[in-house]
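What the sequence shown shows, in our numbering, is residues -17 to 170, in sequence order.
No residue lacks a Cβ here, since even glycine has one placed at the ideal position from N, Cα and C.
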Amino acid sequence: MAKAVWVHHLVEIPDGVTVTVEGLKVKVSGPKGTLERDFSHAKGVNIKLVKTEEGKDAILVETFFANRKKKALVRTIAAHINNMIIGVTKGWRYKMKIIFSHFPISVNVKGDVVEIANFIGEKAPRIAKVLPGVKVQVKGRDLIVEGIDLEKVAQTAANIELATKIKDFDRRVFSDGIYIYEKEVIEK
């Protein structure tokens, strides 16, 4: 008979943040906006609102009869919820550097796309998609990608980096491209 193993993780809810849990759907609202996430793929995991011993509100992510996968799933879901809380209170920022040695690259943001012109001398501009809710700014040779949803901010930064991927050139000689060099929580 299997031993009853209870695996749980608490995520504290700071002041100014409202969290609602309906089954495995979590909605987090804060001063910067609202994020919603569906964890219904996580079978056997419970998510509920509880009070800590200090009397603060928290989210409890738990499972019973846990194997390695369920233990990892509990911690992953707790980390996603924590990232949502950080996003609605502070926000996320990725910094990217525009690097060129052969042809000067010009980068423009037009609506929901980033247009990269004159990349390694190409006539047609390369296009990278900007996901909804993400703001991209060009500051000199830096690109700043900001938003409240970490997954969307990271995917937008990855889209920009992938748009400048070079295939048939030696990477040691042609280091041209746009690269992520810092990711951080927006403090102000």
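Residues near residue i by beta carbon distance below 8 angstroms, same chain, minus five either side
i	result
HIS84	ILE102, GLY103, PHE156 and ASP158
MET(-17)	The predicted model places MET(-17) with a pLDDT of 47, which falls under 50 and marks its position as unreliable; any figure quoted below should be read in that light. There are no such residues.
TYR163	LYS77, MET78 and LYS79
Secondary structure of residue i, DSSP reduced to three states
i	result
GLY26	coil
ARG19	strand
VAL(-13)	coil
VAL(-7)	strand
PHE46	strand
GLU36	coil
GLY(-2)	coil
Same chain only: Cβ atoms within 6 angstroms of residue i, ignoring 5 sequence neighbours per side
i	result
ARG19	VAL8
VAL(-11)	THR45, ALA48, LYS53 and VAL56
Residue of the options minimising C-alpha distance to residue i
i	options	result
THR0	ALA48, ASN64, VAL112 and TYR76	ASN64
VAL118	ALA106, ASN141, LYS105 and ALA48	ASN141
ALA108	GLY129, GLY73 and LYS147	Before going further, note that residue 108 is Arg rather than Ala in the sequence given. Answer by Cα proximity: LYS147.
Bridge partners - residue i, DSSP secondary structure assignment
i	result
ASP124	LYS79 and LYS121
LYS7	GLU4 and ASP20
VAL96	VAL91 and ALA110
Sequence-distant residues of its chain with Cβ nearer than 7 angstroms to residue i (five each side left out)
i	result
ASN100	PHE85, PRO86, ILE87 and SER88
GLU166	ARG75
Range of the contiguous alpha helix (DSSP H) that encloses residue i
i	result
VAL70	50 to 71
ILE142	132 to 145
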